[in-house]
Amino acid sequence: MSDKKSIELYVKPAGGWDALRSSWQALRDQQVVMKGASTLLRANQPSGFDCPGCAWPDRNVHSTFEFCENGVKAVANEATSRRVTPGFFAQHTVAWLNEQDDRFLEAQGRLTEPMAYDAASDTYRPIAWSEALATIARALNSLASPNEAIFYTSGRTSNEAAFLYQLFVREYGTNNLPDCSNMCHEASGVALTEQLGSGKGSVTLEDFEHAQAIFIFGQNPGTNHPRMLGELRSAAKRGCRIVAFNPLRERGLERFADPKAPAEMLGGSTRIASEYYQPRIGGDLAVATALCKVVIESGAVDHTFVARHTHGYDDFADSVRATPWEALERESGLSRADLEQVGRTYLDSNATIVCWGMGITQHARSVATIQMLGNLLLLRGNIGKAGAGPCPVRGHSNVQGDRTMGIYEQPSPAFLDRLGDAFDFQPPREHGYDTVAAIEAMFDRRAKVFFAMGGNFAAATPDTAHTHEALRRCELTVHVSTKLNRSHLVHGRDALILPCLGRTEIDVQASGPQAVTVEDSMSMVHLSSGMNPPASEHLMSEPAIVAHLAVATLPRSRTPWLSLIEDYDRIRERIAQVVDGFADFNARVRTEGGFHLHHPGRERVFPTRRGKAGFYAHALDDRKPQADVLQLMTVRSHDQYNTTVYGMDDRYRGVHGLRRVVFISRDDLERLQLRDGEHVDIASVWHDGERVVRDFRLVEYDIPPGCLAAYFPETNPLVPLDHHAERARTPASKSIPVRLLRRSAA
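Here the sequence shown is numbered in the working numbering, starting from 4 and rising by one per residue.
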């Protein structure tokens, strides 16, 4: 990448005409220009559907333009005119399909009928719904223990489907309910629950209107949550200080041209980050510690708040004071002058929001880092007042709601008590498998049936070769899906694909068209109802699939499964009986914009074990890296949503037509005697040996020396299964120790 290209990259804003052109092209590619455009006008509207693209809240329920470029791609791909029929499967063996890339699989279109794997022909063949459900029921009921089955959940599953799903699984007899939270924000939940008494963020969109400073750690909203840029733009224009921390220079954190602002579409843009710092990968714990040090040593602690609402301050403050600046500089990769400047920005603000994404959560020390960010907020009383608080920004559109509904391998006794009382059974109490443990159990053949409610488990998980072998050792794998993906091709001895309705489609049950509900990143719960005819007459809704599977598997269940799915209001009535905060669910969710789930921290109530918010001290790593070992972080391209690859371009980073790239600093190119454009292999360095991915092109980029970045899922094979967050077990995909190998040495 030349100097000229680098300069252009950081001057040209995110959004603008490029976003509109890309959105238009997505509709054309899926051959749904008119259908897609009319569908988008119902996205994030009171009478429409919740966009499946991300979990960012909706600002204006009356707006006709409440979607972004990535939302357009998600909707276009779901509303596509392309179909994956039984004829397609008859023409292509699983072996051949497995040789195709993820973009090819996604591009084939919507699944239309239930399919069962036929080993003799190595193809999927159509199967009737009744036979498919009976096959699953036989497999589940033949197991020696319910704990030999694993039930995975994607974050796009609705509240109603998730509630029925966890109920079915627990009536079946296990808490093996791993989900995508295990791989993304599990660290946020662990850290915040212990520290503040709730694993969710406390802020709402209204707080963004009152914040005097917004700190953004390890997050790239321009690609992952583009609608967030609208809030940041508004905050910046009124003078709010926005401080970004990211090893990579990201265009969306620098400037944004709002497609809804005519002046900016004619050539203007808004500066987003007033300060932009590039810590070394894994250096955020040291950054947060340094900011706490500035607050404490400047005498700016809100001692009234600390005394009234917290515990552990004295020991924490002593630990921070004892941490030398030399260690903070070394571990953060930033100078003392920079860290003190950021500290002054924090001190000058009377209301600060701290946001973070997976650039924080997917590290070995992620729980410690999040608690240090929490410490920073507590020091100045930045919780429980307008414009302040923690804001973990989650990805999947209902990943937070799924957890609220009980999708969790470690349910609380109180939740299980209410569930058992409401449905007249004894829920299992033994904790189940999280995602990492589920892979280990399948690999060891302690788990024999794998059922996935959405998602793309084979592509999303770490240690790809190990995970794929684990799935292949299962007796049965089942995937509820809308589109073809890698997980259908990495299967057990027997395998089923169950096609379901998408978020944009009309769901008709016995009482008529139905609506589901979702919960966004800021705890707003609202209705979502599709408007398009189903892609096939053979599709079932996720709640219906769960209910019919429960009837087939649990003949003695007292739960009126089929009655519940006749009218989803009945499911919501049961949710109101079991889940905290959902009293009068049906009435409240029908108010304009839905309702907000109460967060106790907003009233400065902290339901921790000690009844107060906690300060927690965490020592730095004091790493001594080897000269030839670099830290690799996995990232998305701009043409990608989680594991779904829409295209081969990443225009915000100046990459076009390829994905096997690794971003590297000029200093490291010179130090390692490599060249921009040269192809290398990447080998992760771990206690059990090396894992290698091959043939990646080096791209010179503005990233700190010693740090690399590359796209997932291509680099997921480099993440060992036991390389995960302390206490949270989130795969540490943002800090992988690697070496670069010249292709000639491979």
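Glycine residues also receive a C-beta, built at the ideal position from the N, C-alpha and C atoms.
ask   = Anyone know if the C-beta pair for L793 and A518 falls short of 8 Å?
value = The shown model of the chain, from 4 to 749, leaves out residue 793, and the question about it has no answer.
Close-in-space but distant-in-sequence residues of the same chain around G404 (CB under 6 Å, 5 per side omitted) = The count along the sequence shown starts at 1 and reaches residue 404 at position 401. If we look at G404 and ignore the five residues flanking it on each side, its Cβ neighbours are N162, V521, E522.
request  = With a cut-off of 8 Å on the beta carbons, I'd call L721 and I739 a contact; round off their distance for me.
outcome  = For this step, residue 721 is matched to residue 718 along the sequence shown. For this step, residue 739 is matched to residue 736 along the sequence shown. Yes, L721 and I739 are in contact; Cβ-Cβ is about 5 Å, under 8 Å.
Opening and closing residue of the alpha helix (DSSP H) in which Y349 lies = For the purposes of this step, residue 349 is taken as the residue at position 346 of the sequence shown. Counting along the chain, the alpha helix (DSSP H) containing Y349 begins and ends at 339–351.
query = Can you give the beta carbon distance from C477 to G495, rounded, assuming they're within the 8 Å contact cut?
reply = Here residue 477 is taken as the residue at index 474 of the sequence shown, counted from 1. Here residue 495 is taken as the residue at index 492 of the sequence shown, counted from 1. With a Cβ gap of about 3 Å, C477 and G495 count as contacting.
Spatial distance of A82 from C503 (CA atoms) = Against the sequence shown, residue 82 aligns to sequence position 79. Against the sequence shown, residue 503 aligns to sequence position 500. Distance between the alpha carbons of A82 and C503: 13 Å.
task = Go ahead and label A513 buried or exposed: buried means 16 or more other beta carbons lie within 10 angstroms of its beta carbon, across all protein chains shown.
result = What you label residue 513 is simply residue 510 of the sequence shown in a count that begins at 1. The residue is exposed, with fewer than 16 neighbouring Cβ atoms inside 10 Å.
ask   = How is the beta strand (DSSP E) around H529 delimited, first residue to last?
value = Stepping through the sequence shown from its first residue, residue 529 is reached at position 526. Segment 527–531, the beta strand (DSSP E) holding H529.
query = Expressed to the nearest angstrom, what Euclidean distance is found between the alpha-carbon atoms of V309 and T115?
reply = Here residue 309 corresponds to residue number 306 of the sequence shown, with the count starting at 1. Here residue 115 corresponds to residue number 112 of the sequence shown, with the count starting at 1. If you take the alpha carbons of V309 and T115, they lie about 58 Å apart.
inquiry  = Measuring alpha carbon to alpha carbon, tell me which residue in G255, E729, L743, V688 is nearest Q374.
reply    = Here residue 374 refers to the residue found at position 371 when the sequence shown is read from its first residue. The alpha carbon of Q374 has as its nearest neighbour, out of G255, E729, L743, V688, the alpha carbon of E729.
task = Could you give the DSSP three-state label for I10: helix, strand or coil?
result = As a position in the sequence shown, residue 10 is number 7, starting the count at 1. Its pLDDT being 27, under 50, I10 is placed unreliably by the model, and nothing is read from it.
request  = Sort out for me which residues DSSP pairs S484 with in a bridge.
outcome  = Taking the first residue of the sequence shown as 1, we reach residue 484 at position 481. Beta-bridge partners of S484 (DSSP): P502.
task = Give a yes or no on whether the C-beta atoms belonging to V298 and C358 are separated by under 8 Å.
result = By one-based count along the sequence shown, residue 298 stands at place 295. By one-based count along the sequence shown, residue 358 stands at place 355. Not in contact: V298 and C358 (Cβ atoms no closer than 8 Å).
task = Report back the beta-carbon spacing between E703 and L672 to the nearest angstrom; my notes put them in contact at under 8 Å.
result = As a first step, residue 703 must be located in the sequence shown, where it is residue number 700. As a first step, residue 672 must be located in the sequence shown, where it is residue number 669. At roughly 6 Å, the Cβ-Cβ gap stays under 8 Å, so E703 and L672 are in contact.
query = Would the beta-carbon of L474 fall within 8 Å of that of M445?
reply = The residue you call residue 474 lines up with position 471 of the sequence shown. The residue you call residue 445 lines up with position 442 of the sequence shown. Contact: yes.
query = Given a threshold of 16 other Cβ atoms within 10 Å of its Cβ, counted over all protein chains shown, does W564 qualify as buried or as exposed?
reply = Here residue 564 refers to the residue found at position 561 when the sequence shown is read from its first residue. With at least 16 other beta carbons inside 10 angstroms of its own, W564 counts as buried.
Close beta carbons around N101, own chain, < 7 Å, minus the five adjacent residues each side = The residue labelled residue 101 in the question sits at position 98 within the sequence shown. Excluding sequence neighbours, N101 sits near L492.
Expected contact under 8 Å - CB spacing of R258 and S272 to nearest Å = Taking the first residue of the sequence shown as position 1, residue 258 is located at position 255. Taking the first residue of the sequence shown as position 1, residue 272 is located at position 269. Indeed they touch by this definition, with Cβ atoms about 5 Å apart.
message = According to DSSP, simplified to helix, strand and coil, what is C71?
response = Translated into the one-based positions of the sequence shown, residue 71 becomes position 68. Of the three classes helix, strand and coil, the one that applies to C71 here is coil, per DSSP.
key: Cutoff 7 Å; reference K737; Cβ partners in own chain excluding five residues on either side   = The residue labelled residue 737 in the question sits at position 734 within the sequence shown. I284, M361, G362, Q365, H366, M636, T637, listed in sequence order.
message = Need the endpoints of the beta strand (DSSP E) that D684 sits in, please.
response = Counted from its first residue, the sequence shown places residue 684 at position 681. Counting along the chain, the beta strand (DSSP E) containing D684 begins and ends at 682–689.
key: Cβ-based burial, K76 [other Cβ within 10 Å; buried from 16]   = By 1-based counting over the sequence shown, the position of residue 76 is 73. Under this definition K76 is a buried residue.
task = Return helix, strand or coil for E116, following the three-state DSSP convention.
result = Here residue 116 refers to the residue found at position 113 when the sequence shown is read from its first residue. In this structure, E116 counts as coil in the three-state DSSP scheme.
query = Around the Cβ of V14, are there at least 16 other Cβ atoms within 10 angstroms (buried) or fewer (exposed)?
reply = Walking along the sequence shown from the start, residue 14 turns up at place 11. Bear in mind that the predicted position of V14 carries a pLDDT of just 37, short of 50, making it too unreliable to give a figure here.
task = Assign T733 to one of two classes, buried (16 or more other C-beta atoms within 10 Å of its C-beta) or exposed (fewer than that).
result = Position 730 of the sequence shown holds residue 733. Looking at its Cβ environment, which holds 16 or more other Cβ atoms inside 10 Å, T733 is buried.
ask   = Taking the alpha-carbon positions, what's the D427 to S560 distance?
value = If you number the sequence shown from 1, residue 427 lands on position 424. If you number the sequence shown from 1, residue 560 lands on position 557. Between the C-alpha atoms of D427 and S560 there is a straight-line separation of about 9 Å.
request  = Check whether the Cβ atoms of A630 and V402 sit closer than 8 Å, and answer yes or no.
outcome  = In the sequence shown, the residue the question calls residue 630 occupies position 627. In the sequence shown, the residue the question calls residue 402 occupies position 399. No, these two residues do not count as a Cβ contact at 8 Å.
request  = Can you say whether G680 is buried or exposed, counting buried as having 16 or more other CB atoms within 10 angstroms of its CB?
outcome  = As a working mapping, residue 680 is identified with position 677 in the sequence shown. Exposed, because fewer than 16 other Cβ atoms sit within 10 Å of the Cβ of G680.
task = List the endpoints of the continuous beta strand (DSSP E) containing D210.
result = Locating residue 210 in the sequence shown gives position 207, where the first residue counts as 1. From DSSP, D210 is part of no beta strand (DSSP E) but of the alpha helix (DSSP H) over 208–213.
ask   = For S5, does the count of other Cβ atoms within 10 angstroms reach 16, so buried, or fall short, so exposed?
value = As a working note, residue 5 is residue 2 in the sequence shown. At S5, the pLDDT of 35 sits below 50, so the modelled position is not reliable; the number obtained from the coordinates is stated separately. Counting Cβ neighbours within 10 Å, S5 comes out exposed, since fewer than 16 surround it.
inquiry  = I'd like the span of the beta strand (DSSP E) that includes L635, first residue to last.
reply    = Along the sequence shown, one-based indexing puts residue 635 at 632. 633–638 is the extent of the beta strand (DSSP E) around L635.
message = List, from N- to C-terminal side, the beta strand (DSSP E) runs of 3 residues or more that fit wholly inside the stretch 395–460.
response = 452–456
inquiry  = Quick check for students: name the residue ranges of the alpha helix (DSSP H) that lie wholly in the stretch 662–733, counting only runs of 4 or more.
reply    = 669–674
query = Quick one: complete alpha helix (DSSP H) runs, 4+ long, within the stretch 557–581?
reply = 564–569, 571–581
request  = Since I believe L143 is in contact with S556 (beta carbons under 8 Å), could you give me their beta-carbon distance rounded to a whole number of angstroms?
outcome  = Taking the first residue of the sequence shown as position 1, residue 556 is located at position 553. Taking the first residue of the sequence shown as position 1, residue 143 is located at position 140. The sequence as given places Thr at residue 556; Ser does not occur at that position. Yes, T556 and L143 are in contact; Cβ-Cβ is about 5 Å, under 8 Å.
query = Distance, Cα to Cα, K388 vs L382?
reply = Position 385 of the sequence shown, counting from 1, holds the residue named residue 388. Position 379 of the sequence shown, counting from 1, holds the residue named residue 382. Rounded to whole angstroms, K388 to L382 spans 14 Å at the Cα level.
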